[in-house]
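Asker: I am attaching a structure below and will ask some questions about it afterwards.
In the numbering used here, the protein residues as written are 4 to 313.
Right, here's the structure in full:
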């Protein structure tokens, strides 16, 4: 048993306490990024809903990703903004558990949906004749539902393992949200084994989905290289460019956090901002700016809203 076993009902999120002089500036920047993130994701979902030409698996997966990322940012950023504006940075144990569960679950869901999007591109390029049969809208919906179930199944296990006991010692979480490794260290029992297990579970999910995406792109590349015309190769690559860019950013930032050696005295506040704020902000921008169909749908919707003069 650990020393100083005073049981707490709430935690204090230290977060940006080391950066008091820049908290107002950070609040403004993060709020602007959050607003643009919401606008981008809501635009993607709205365009996919109203434009029938986008009612195909490729854009249904994209809309599902946008919805998942919207929920993902809602889990973290509003509380972050509140803490940047107020002196009290407390969060109840129950709220902390719910935040962790949804953060891990939605993060896992995002990884699985990105993997499914890679699989969709694989079928479209490598199995074009069977694609309409294998990848229907119904199948797409079932895969998205499976992504949510898979993401939250792992999340519930990890959260239950961390919150199965009481918490002791100073109730200070060295983060701006309930990060699992920061919380598990406050457990009254020896937390080393629990921390190792939940970390390995998260890493396995992260690396597993990433390796599946890499495998799909190896198969896609081998197929594209066999296309005789340069125009055909360019068209095939263009359909994958946005997805591949988002995958690199998403898994790149996440791997920095989970693969970085961490000590109990480490401060991961700044290093966590990219994958909690910047990645969700960049994702809708990349998909909108680098996708011709999405840009055409936006122009069409804008033309209906603001009729052009003749």
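Idealized CB from N, CA, C, for every residue including glycine.
Whole angstroms are fine: how far does the CA of residue 50 sit from the CA of residue 20?
Answerer: Cα to Cα, residue 20 sits roughly 40 Å from residue 50.
Asker: Report the rounded CA-to-CA distance for residue 108 versus residue 130, giving the unit in angstroms.
Answerer: One C-alpha to the other measures close to 31 Å.
Asker: First and last residue of the beta strand (DSSP E) that includes residue 59?
Answerer: Where residue 59 is concerned, there is no enclosing beta strand (DSSP E), given that its DSSP letter is neither H nor E.
Asker: Determine contact between the stretch 167 to 180 and the stretch 117 to 128, defined as no fewer than three beta-carbon pairs at a distance below 8 Å.
Answerer: Judged by Cβ distances under 8 Å, the stretch 167 to 180 makes no contact with the stretch 117 to 128, as fewer than three pairs qualify.
Asker: Any chance the stretch 274 to 287 sits against the stretch 299 to 306, with 3 or more Cβ pairs inside 8 Å?
Answerer: The stretch 274 to 287 vs the stretch 299 to 306: no contact.
Asker: Could you name the residues of the same chain whose beta carbon sits closer than 6 Å to that of residue 281, not counting the 5 residues immediately before and after it, in chain order?
Answerer: Closer than 6 Å at Cβ, skipping near neighbours: no residue.
Asker: Assuming residue 216 and residue 68 form a contact by the criterion Cβ under 8 Å, report the distance between their Cβ atoms to the nearest whole angstrom.
Answerer: Their Cβ separation, rounded to whole angstroms, is 13 Å, which puts residue 216 and residue 68 out of contact at 8 Å.
Asker: Whose C-beta lies closer than 8 Å to the C-beta of residue 256 among residues of the same chain, with five residues either side of it excluded?
Answerer: Closer than 8 Å at Cβ, skipping near neighbours: 277, 278, 281 and 282.
Asker: Could you give the residue range of the beta strand (DSSP E) that holds residue 16?
Answerer: Start and end: 13 to 16.
Asker: Roughly how far, in whole angstroms, is the beta-carbon of residue 115 from the beta-carbon of residue 212, given that I think they are within contact range, below 8 Å?
Answerer: That belief holds up - the Cβ atoms of residue 115 and residue 212 are roughly 6 Å apart, short of 8 Å.
Asker: Grouping DSSP H, G and I as helix and E and B as strand, with all else coil, what is residue 166?
Answerer: Residue 166 falls in the coil class under three-state DSSP.
Asker: According to the neighbour-count rule (16 or more other Cβ atoms, all chains shown, within 10 Å of its Cβ), is residue 313 buried or exposed?
Answerer: Only weak support exists for where residue 313 lies, its pLDDT of 39 falling under 50; the coordinates are left without a value.
Asker: Could you tell me the alpha carbon to alpha carbon distance between residue 141 and residue 63, rounded to whole angstroms?
Answerer: When rounded, the distance between both Cα atoms is 10 Å.
Asker: Where does residue 24 land, buried or exposed, given buried means 16+ other C-beta within 10 angstroms?
Answerer: Exposed.
Asker: Run through DSSP, which three-state label would residue 232 get?
Answerer: Coil.
Asker: Please classify residue 27 as buried or exposed, where buried requires at least 16 other C-beta atoms within 10 Å of its C-beta.
Answerer: Its Cβ having fewer than 16 others within 10 Å, residue 27 is exposed.
Asker: So the alpha helix (DSSP H) residue 190 belongs to, where does it begin and stop?
Answerer: That residue, residue 190, is in no alpha helix (DSSP H); it is neither H nor E in DSSP.
Asker: What is the rounded straight-line gap between the Cα of residue 165 and the Cα of residue 186?
Answerer: Near 8 Å, if we compare the C-alpha coordinates of residue 186 and residue 165.
Asker: What is the DSSP secondary structure of residue 95, reduced to helix, strand or coil?
Answerer: Correct three-state label for residue 95: strand.
Asker: Is the beta carbon of residue 104 sitting closer than 8 Å to the one on residue 158?
Answerer: Yes.
Asker: Rounded to whole angstroms, what's the CA-CA distance from residue 188 to residue 206? Just pull it up for me.
Answerer: Cα-Cα distance, rounded: 18 Å.
Asker: Roughly how many angstroms lie between the CA atoms of residue 252 and residue 96, to the nearest whole one?
Answerer: Going from the Cα of residue 252 to the Cα of residue 96 covers about 32 Å.
Asker: Name, in chain order, the residues that DSSP records as bridge partners for residue 176.
Answerer: Paired residues: 16.
Asker: In or out: residue 145 buried (at least 16 other Cβ within 10 Å) or exposed?
Answerer: Residue 145 is exposed by the Cβ-count criterion.
Asker: Identify, in the order they occur along the chain, each residue of the same chain with its Cβ nearer than 6 Å to the Cβ of residue 83, setting aside the five sequence neighbours on each side.
Answerer: Hits under 6 Å: 179.
Asker: Which ranges does the alpha helix (DSSP H) cover as unbroken runs of at least 4 residues, wholly within the stretch 42 to 91, from first to last along the chain?
Answerer: List check, alpha helix (DSSP H) in window: 60 to 88.
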